[in-house]
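S.K.: Chains as they are written, first to last, in the numbering used here: chain A, 1 to 409; chain B, 410 to 818. Yeah, the Cβ is synthetic: ideal placement off N, Cα and C, and Gly gets one too. Everything numeric in this text was worked out from a predicted model, so none of it was measured.
Number of protein chains: 2
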Amino acid sequence: MNAEIIAVGTELLLGDILNTNARFLSRELSGLGIDVYYQEVVGDNPDRLKSVIHTAIRRSDIVVLSGGLGPTDDDLTKETVADYFNLPLYFDEQVMAEMTEYLRGRHIVPSNKKQAYIPEGAKIIHNNYGTAPGIIIEQDEKIVIMLPGPPRELEPLFSEQVKPYLDAKSDYIMKSKVLRIFGLGESSAAEKVRDLMESANPTLAPYAKDSEVILRITAKANTDARADKLIDEMYKKVNDRIGEYIYGFDDDEMKAVLCRLLTEKGKTIAAAESCTAGLFSAMIADNPGASAVLNEGIVTYSNEAKEKYLGVLHETLEKYGAVSEQTAREMAEGIKKAAKSDIGVGITGIAGPDGGTPEKPVGLVYVGIAYDGGCEVLKLNLIGTRQKVRYAAVLNAMNAVRKILLNNA
Amino acid sequence: MNAEIIAVGTELLLGDILNTNARFLSRELSGLGIDVYYQEVVGDNPDRLKSVIHTAIRRSDIVVLSGGLGPTDDDLTKETVADYFNLPLYFDEQVMAEMTEYLRGRHIVPSNKKQAYIPEGAKIIHNNYGTAPGIIIEQDEKIVIMLPGPPRELEPLFSEQVKPYLDAKSDYIMKSKVLRIFGLGESSAAEKVRDLMESANPTLAPYAKDSEVILRITAKANTDARADKLIDEMYKKVNDRIGEYIYGFDDDEMKAVLCRLLTEKGKTIAAAESCTAGLFSAMIADNPGASAVLNEGIVTYSNEAKEKYLGVLHETLEKYGAVSEQTAREMAEGIKKAAKSDIGVGITGIAGPDGGTPEKPVGLVYVGIAYDGGCEVLKLNLIGTRQKVRYAAVLNAMNAVRKILLNNA
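(1) What residues of chain B sit near residue 387(A), judged by a beta carbon separation below 7 Å?
(2) Against chain B, which members of the stretch 341-368 of chain A pass a CB distance test of less than 7 Å?
(3) Beta-carbon of residue 277(A) versus every beta-carbon of chain B: anything under 8 Å?
(4) Output the distance between the C-alpha atoms of residue 393(A) and residue 510(B), rounded to the nearest integer angstrom.
(5) Relative to chain B, which residues along the stretch 176-208 of chain A have a C-beta separation below 9 Å, given in chain order?
(6) How many whole angstroms separate the CB atoms of residue 365(B) and residue 589(B), which I take to be in contact at a CB cut-off of 8 Å?
(7) Buried or exposed: which applies to residue 39(A), given that a residue is buried once 16 or more other Cβ atoms fall within 10 Å of its Cβ?
(8) For chain A, find out if any of its Cβ atoms is closer than 8 Å to the Cβ of residue 736(B); answer yes or no.
(9) Smallest Cα separation from residue 269(A): which of 276(A), 275(A), 285(A), 277(A)?
(10) Just the Cα atoms here: how many angstroms apart are residue 723(B) and residue 344(A)?
(11) In the stretch 473-497 of chain B, which residue ranges form an unbroken alpha helix (DSSP H) of at least 4 residues, counting only runs that do not cross its ends?
(12) How about residue 390(B) and residue 655(B): do their beta carbons lie closer than 8 Å?
(13) Note down, in chain order, each residue of its chain lying with its Cβ closer than 7 Å to the Cβ of residue 630(B), except the 5 sequence neighbours on either side.
(14) At 3 residues or longer, and completely inside the stretch 14-58 of chain A: list those beta strand (DSSP E) runs for me, N to C.
(15) Closest Cβ-Cβ distance between residue 263(A) and chain B: below 8 Å?
(16) Assuming residue 411(B) and residue 443(B) are in contact, meaning their beta carbons sit under 8 Å apart, how far apart are those beta carbons, in whole angstroms?
(17) Tell me whether residue 382(A) is buried or exposed, calling it buried when 16 or more other Cβ atoms sit within 10 Å of its Cβ.
(18) CA-CA distance, residue 166(A) and residue 785(B)?
(19) Can you list, in chain order, the residues of its chain with a C-beta nearer than 7 Å to that of residue 565(B)? Leave out the 5 residues immediately preceding and following it.
(20) Have a look at 675(B), 490(B), 714(B), 665(B) and flag the residue whose alpha-carbon is nearest the alpha-carbon of residue 690(B).
(21) Take residue 68(A) as the anchor and find which of 59(A), 81(A), 60(A) has the nearest alpha-carbon.
(22) Is residue 432(B) buried or exposed, if buried means 16 or more other CB atoms sit within 10 Å of its CB?
(23) From the beta carbon of residue 448(B), is the nearest beta carbon of chain A less than 8 Å away?
(24) Between residue 533(B) and residue 501(B), is the Cβ-Cβ spacing less than 8 Å?
(25) Give me, in chain order, the residues of the same chain whose beta-carbon lies closer than 8 Å to that of residue 108(A); leave out the 5 immediate sequence neighbours on both sides.
(26) For residue 771(B), which of 396(A), 369(A), 45(A), 288(A) has the nearest alpha-carbon?
(27) Should residue 496(B) and residue 528(B) be called a contact, given that it needs their Cβ atoms to be closer than 8 Å?
(28) Using the beta-carbon of each residue, which ones in chain A are nearer than 8 Å to residue 427(B)?
(29) Find the nearest neighbour of residue 11(A) within the set 131(A), 43(A), 354(A), judged by alpha-carbon distance.
(30) Go through the stretch 658-684 of chain B residue by residue and report every complete run of the beta strand (DSSP E) that reaches 3 residues or more, in order.
(31) So, for residue 370(A): in the same chain, excluding its five sequence neighbours on each side, which residues have a beta-carbon less than 6 Å away from its beta-carbon?
(32) State yes or no: is the C-beta of residue 275(A) within less than 8 Å of the C-beta of residue 327(A)?
(33) Kindly list, in the order they appear in chain A, the residues whose Cβ is closer than 8 Å to that of residue 520(B).
(34) Residues of the stretch 287-303 of chain A in Cβ contact with chain B at a cutoff of 9 Å, in chain order, please.
(35) Show which residues of chain A have a CB atom less than 9 Å away from the CB atom of residue 733(B).
(36) Given that residue 730(B) touches chain A, what residues does it touch there, using C-beta distances under 7 Å?
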């Protein structure tokens, strides 16, 4: 089965709010094995609303509408859909009673009554979260589901009533696994798995996200176990080719993966940050429970601070400069010692937009990582804005620490 | 003129990401006096993509597309639009050279070359933020604008190149001024200017953004001078009522306002951060030229680090706890002394999700600010997730430093 999602609301067309309903509904429908082919947003203009709704019902098996069920004359979703199927509206006493109950003690304006009119033969989605009921019309092998626009109403109504309804209609399930990749660009990743991307079931699709690449495996099957098997087979093939670049799965971000690994191994970490100026530590601390692995960190933007807190040698800074392999190494070793941590990270680079030279261009970053077994220094040539360079520097540093932890158990 | 916005991307149909591009483009186009009638999302299926693009070009004056300009075979936006207008694609040497320059030294895979093919006669939107150039086709009284999908590319390309292009096409001008407000919630701000929000030209509209509130004044006029006059009159009225909460204008973020103010006054700043763990320093360093005001900073997550680097008294931590007015004060004074800076900031709080108690709930944050004239401590009760609490703590700290700088010239 395929579906499309229509959000009705002028505030979306003005850019006042984000269309979180489309995202929620897309994710939920995909999870039910229903392919979402289109999303639309349209305002409360009757002609344009009618044209969008008619097109959608003609081309899709399921149409999910959000918004336009309110009490004002502008709210025309229900009327437009009923008109398409030639269904008259009747006044539903029970819906009116529920609405009165919901508005308990509040003034019921005449326009509220409009919300109690229901297309004949429709299934009513009773709403405990607001005044407008949801409505499902099933006719001519089409399903049209209308839900109120506010996410606080739409989301629970979908989960509690629409999902079980659709579940019962579906004859297969869809499952996904996201592979999170670091150190390989989108094009390079796609090059390496191009033939696998031609598979129809499970599918494999890449996309870029900040400084990372995501590969999504999606399987369609009759049973959960069969879907898992399809996913697992594809995962193994991908893993054989680019396994070394896969650092995590699904919603597991690099900072969470690293923090968990440190916790598991009982290791502490501390960073001395020049160009990133605290971002590494702040991202470690994004994880609840970070205090088990992070005690302290130092922002050493100036050379003086690098000498004072980290014991970087004055001669090193004079001879090689603040952005150099030598300085990164001394920063990493210095912070490890100062913080008495198991791992010390030193980050120094040129984030831009100014400060680059032909020998040391913007985007040049050195990352030192000191650990009990030694000290490694990465040389990075990063691209993009100041913010992007700094963010990518932190992700590279985290990935390098992760690898060292895995290899030096 | 009317417009519609098409986002191309399977990840949107799967609900993996929010359609922030549609919101950004809707807001920008509305600001230019262009009515947005439809938004759509479609995946990379060639037939469905074609059907959506053809319908859009037929019914709208301007079609803005985002996404589908990448290097893979799935990326078909450019090819589909060129096909509609019967425009052949040519290989653009300059675009290729720019891409090579952007990818500086990286491996250019064959698929990157695909991005350098341009429909004949098209206007190229050169992209300094990524590899895929934007493209504008103007033909048969239609305008089709194609932009790369990543918001970090789309947003600056639109602002810097598409906006001036569309501005020149319009017979009247729209101008906006954004008032950035801190310390007043969206409803409270709206309450204070409710009558002004009924004005038709210029309009005044509030919206919430992260931990801030934005008020946008938009004027429509025949001349630039007339638009400026309308904006200025409205600004004065708003300023009379809530001027003390306005900290900046347009894209001037709090971190930039503060960094500039410090630079102008020749003051240096250093932060000792517990719950924010480097975020304050990292956000100061987001500003190019931050090295003029920032030399160093310390992340003192553990009590031991607070004593060691900042000289916070052991008794203070024992008696009042790490999250207390007293500790925040000693942290601020300690970092000011250690860093020999003009201003010292100490931030300590409970970011959650765990660690709260009835006396010290999640969201309780103390911010100390030491300066040559004294030391102030703010007590904040913040709401939201761990990340939101930490971000709001930093913004509150920055705003407080800003006020101290303004009052203690």
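M.R.: With the structure as the only source:
(1) As a first step, residue 387(A) is located in the first sequence; it is residue number 387 there, counting from the start. Near residue 387(A) (Cβ distances below 7 Å), the residues of chain B are 695.
(2) 353, 354
(3) Reading the first sequence from its first residue, position 277 is the one you call residue 277(A). Yes, residue 277(A) lies at the interface with chain B (some Cβ there is under 8 Å from its Cβ).
(4) Within the first sequence, numbered from 1, the residue matching residue 393(A) stands at position 393. Within the second sequence, numbered from 1, the residue matching residue 510(B) stands at position 101. Approximately 20 Å between the Cα atoms of the pair.
(5) 176, 178, 185, 186, 187, 188, 190, 191, 194, 197, 205, 206, 207, 208
(6) Nothing about residue 365(B) can be reported from this structure: the residues present for chain B run from 410 to 818 only.
(7) To locate residue 39(A), count along the first sequence from 1; it is residue 39. Flag for residue 39(A) reads buried.
(8) Within the second sequence, numbered from 1, the residue matching residue 736(B) stands at position 327. Answer no: the Cβ-Cβ gap between residue 736(B) and chain A never drops below 8 Å.
(9) In the first sequence, counting from the first residue as 1, residue 269(A) sits at position 269. The shortest Cα separation from residue 269(A) among 276(A), 275(A), 285(A), 277(A) belongs to 285(A).
(10) Mapped onto the second sequence, residue 723(B) falls at position 314. Mapped onto the first sequence, residue 344(A) falls at position 344. C-alpha separation (whole angstroms): 26 Å.
(11) 486-493
(12) Chain B is shown only over 410 to 818; residue 390(B) falls outside these bounds and no answer can be derived.
(13) For the purposes of this step, residue 630(B) is taken as residue 221 along the second sequence, with counting starting at 1. Only residues of its own chain outside the window of five on either side were considered, and among them 581, 582, 636, 639 have a CB closer than 7 Å to the CB of residue 630(B), listed in chain order.
(14) Runs found: 35-42.
(15) Counting from one through the first sequence, the residue named residue 263(A) turns up at place 263. Closer than 8 Å: no.
(16) In the second sequence, residue 411(B) corresponds to position 2, counting from 1. In the second sequence, residue 443(B) corresponds to position 34, counting from 1. Residue 411(B) to residue 443(B), Cβ: 7 Å. Contact.
(17) Working through the first sequence from its first residue, we reach residue 382(A) at position 382. Buried, since its Cβ has 16 or more Cβ neighbours within 10 Å.
(18) The count along the first sequence starts at 1 and reaches residue 166(A) at position 166. The count along the second sequence starts at 1 and reaches residue 785(B) at position 376. The straight-line gap from Cα to Cα measures roughly 58 Å.
(19) The residue labelled residue 565(B) in the question sits at position 156 within the second sequence. So the list reads 538, once near-sequence residues are dropped.
(20) Counted from its first residue, the second sequence places residue 690(B) at position 281. Cα-wise, what sits closest to residue 690(B) is 665(B).
(21) Taking the first sequence and counting its residues from 1, the one referred to as residue 68(A) is at position 68. Checking every option, the nearest Cα to that of residue 68(A) belongs to 81(A).
(22) Numbered from 1 along the second sequence, position 23 holds the residue referred to as residue 432(B). Classification for residue 432(B): buried.
(23) Reading the second sequence from its first residue, position 39 is the one you call residue 448(B). Residue 448(B) belongs to the set of residues whose beta carbon lies under 8 Å from a beta carbon in chain A.
(24) Walking along the second sequence from the start, residue 533(B) turns up at place 124. Walking along the second sequence from the start, residue 501(B) turns up at place 92. Annotated as proximal: residue 533(B) and residue 501(B), with beta-carbon spacing under 8 Å.
(25) For this step, residue 108(A) is matched to residue 108 along the first sequence. Hits under 8 Å: 99, 100.
(26) Taking the first residue of the second sequence as position 1, residue 771(B) is located at position 362. Ranking 396(A), 369(A), 45(A), 288(A) by Cα distance to residue 771(B) puts 288(A) first.
(27) Indexing the second sequence from 1 puts residue 496(B) at position 87. Indexing the second sequence from 1 puts residue 528(B) at position 119. In this structure, residue 528(B) lies closer than 8 Å to residue 496(B) by Cβ.
(28) Position 18 of the second sequence holds residue 427(B). Residues of chain A passing the Cβ test: 18, 19, 20, 23.
(29) Numbered from its first residue, the first sequence carries residue 11(A) at position 11. Checking every option, the nearest Cα to that of residue 11(A) belongs to 43(A).
(30) Within the stretch 658-684 of chain B, the complete beta strand (DSSP E) runs of at least 3 residues fall at 678-682.
(31) Counting from one through the first sequence, the residue named residue 370(A) turns up at place 370. Hits under 6 Å: 332, 333, 336, 344.
(32) The residue labelled residue 275(A) in the question sits at position 275 within the first sequence. The residue labelled residue 327(A) in the question sits at position 327 within the first sequence. At the C-beta level, residue 275(A) and residue 327(A) stay beyond 8 Å of one another.
(33) The residue you call residue 520(B) lines up with position 111 of the second sequence. In chain order: 187, 190, 191.
(34) Look at the stretch 287-303 of chain A: the residues with a C-beta under 9 Å from a C-beta of chain B are 287, 288, 289, 290, 291, 294, 295, 296, 297, 298, 299, 300, 301, 302.
(35) In the second sequence, counting from the first residue as 1, residue 733(B) sits at position 324. Simply none; closest approach about 17 Å.
(36) The residue labelled residue 730(B) in the question sits at position 321 within the second sequence. Those within 7 Å of residue 730(B) in chain A number zero; the least Cβ separation is about 15 Å.
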